[in-house]
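Once you know that position 86 of the sequence shown is 85 in numbering that gives the first Met the number 0, the rest is easy, because the numbers rise by one and skip nothing.
Below is one structure, written out as C-alpha cells; the observations come after it.
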Amino acid sequence: MSERILSLAALTVLELSPPDMVEVAARAGYSHVGLRLVPATAEEHHFPLVADAGLRRQTLARLRDTGIGVFDVEILRLKPDTRVADFEVILAAGAELGASAVLVAGNDPDEARQTDNFAALCDLAAGFGLDPHLEFMPWTDARDLTQAMRIVDNAGRANGCVLVDAFHFDRSASHLEDLARLDPARIHYAQLCDVAGPRPDDMDEILRQARNERRFPGDGDCDLPGLLRALPANLPLSLEIPTRQLLERGVGALERARTAIDKARVLLAQL
Numbered sequence: 000m001s002e003r004i005l006s007l008a009a010l011t012v013l014e015l016s017p018p019d020m021v022e023v024a025a026r027a028g029y030s031h032v033g034l035r036l037v038p039a040t041a042e043e044h045h046f047p048l049v050a051d052a053g054l055r056r057q058t059l060a061r062l063r064d065t066g067i068g069v070f071d072v073e074i075l076r077l078k079p080d081t082r083v084a085d086f087e088v089i090l091a092a093g094a095e096l097g098a099s100a101v102l103v104a105g106n107d108p109d110e111a112r113q114t115d116n117f118a119a120l121c122d123l124a125a126g127f128g129l130d131p132h133l134e135f136m137p138w139t140d141a142r143d144l145t146q147a148m149r150i151v152d153n154a155g156r157a158n159g160c161v162l163v164d165a166f167h168f169d170r171s172a173s174h175l176e177d178l179a180r181l182d183p184a185r186i187h188y189a190q191l192c193d194v195a196g197p198r199p200d201d202m203d204e205i206l207r208q209a210r211n212e213r214r215f216p217g218d219g220d221c222d223l224p225g226l227l228r229a230l231p232a233n234l235p236l237s238l239e240i241p242t243r244q245l246l247e248r249g250v251g252a253l254e255r256a257r258t259a260i261d262k263a264r265v266l267l268a269q270l
C-alpha cells in the first residue's frame, strides 16, 4: 500500500508565509501543503499569493527545493453575487502551484443558484486540472453532509466533490451512515482534526472553535476511527488544526505541525 498523503493545512500555521510554511511542512514530515490564496475572513493576516508573482516564484522555488507538493488551494466562496468567471485568476494560480483540489464554501441561501454556480465553477476548474470540493460547515448554506452531497450531485460534474472536515462533520450532526452513501469518486481528500466537548448551542461559539481551537487527533471526543473507516481507504488527509492558545503561549509553528502529524500517524496506525 502506498504511503497515505498527509498535507499541512494553512489554518494550522496561518502565521507563516507560504515559503516558510513549505519549509515547516518538509521539516515536520508532510508530503504536501494546502495554500490559502484567498483569505477566509477580512481580519486574518494574508499573504497575497495571487497578486504577488514574486511570492509565487519564491514559493515554487521552495516547493522544488523541498519536494513538497501542493494538494489544495482555498478558499472560494459561492455567494449570491458571485461571478464564477472572476475565479479564473485564482484557479490559474492554483494550477501554477501544482494543486489538484480547490476548497469551496457555499454562502448562498438560494440552493439552486449555489448549485448552478458550483457546476459553472467545476467547468472552469476542469480547464486547470482542479477538482472543486464543497466543504459543508454548519454556519454556511452548505450546512451538513447531506446538503453538500445534494448540491454536488445536482451540479452533475465529474470533477465536483464534497469535502469532509472532522470538525464540521461533528458540529453539523452529520451521520456516518450518510457518509457510507457518498460515491468515493466524489471525495479526493478530507480534513482531519479532533473536536472537544459537546456541540455548543451557540453558532458563534462553534465558529470560534472552528477557526481558533481544535484538538490534535486523539485529544478530543470525536469518533475519528469511525470517520476514517467510513472514508475511502488511504484517502489523502489535510491536517487542519488551529490551536490559537498554543500559538499565544509561544509554541512555534514547527512544533504544532509536528504534533499534528505525529498524532495523526498514531491514529492511522490504530486503524
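Note that CB positions come from ideal geometry on N, CA and C, so glycine has one too.
Values in this document were obtained by computation on a predicted structure and should not be read as measured data.
DSSP links L133 through a beta bridge to V103 and V161.
Ranking A209, L120 and G155 by CA distance to the CA of P137 puts A209 first.
Secondary structure of F70 (DSSP, three-state): strand. Three or more beta-carbon pairs separated by less than 8 angstroms link the stretch 101-115 to the stretch 128-142, which places the two stretches in contact.
In the structure shown, the three-state DSSP call for H167 is helix.
Within the same chain, Cβ atoms closer than 8 angstroms to the Cβ of T145 are found at S173 and D177, the five residues on either side in sequence being excluded.
E212 sits in a strand when the DSSP states are folded into three classes.
The beta carbon of A100 sits closer than 7 angstroms to those of F70, D71, L129, D130, H132, H187 and Y188, all from its chain and outside the five residues before and after it, given in chain order. D193 is bridged by DSSP to R214. The beta carbons of P216 and L253 sit no closer together than 7 angstroms.
In summary, M202 is exposed, with fewer than 16 beta-carbon neighbours lying within 10 Å of its beta-carbon over all protein chains present.
In this structure, I4 sits near P235, with a CB-CB distance shorter than 7 angstroms. A Cβ-Cβ distance of about 19 angstroms is found for the pair V21 and I89, leaving them out of contact under the 8 angstroms criterion. C-alpha of A124 to C-alpha of C160: approximately 12 angstroms in a straight line.
By the 16-neighbour rule on beta-carbons within 10 angstroms, A111 is exposed.
Comparing alpha carbon positions, the residue from P183, D193, R61 and F86 closest to D220 is D193.
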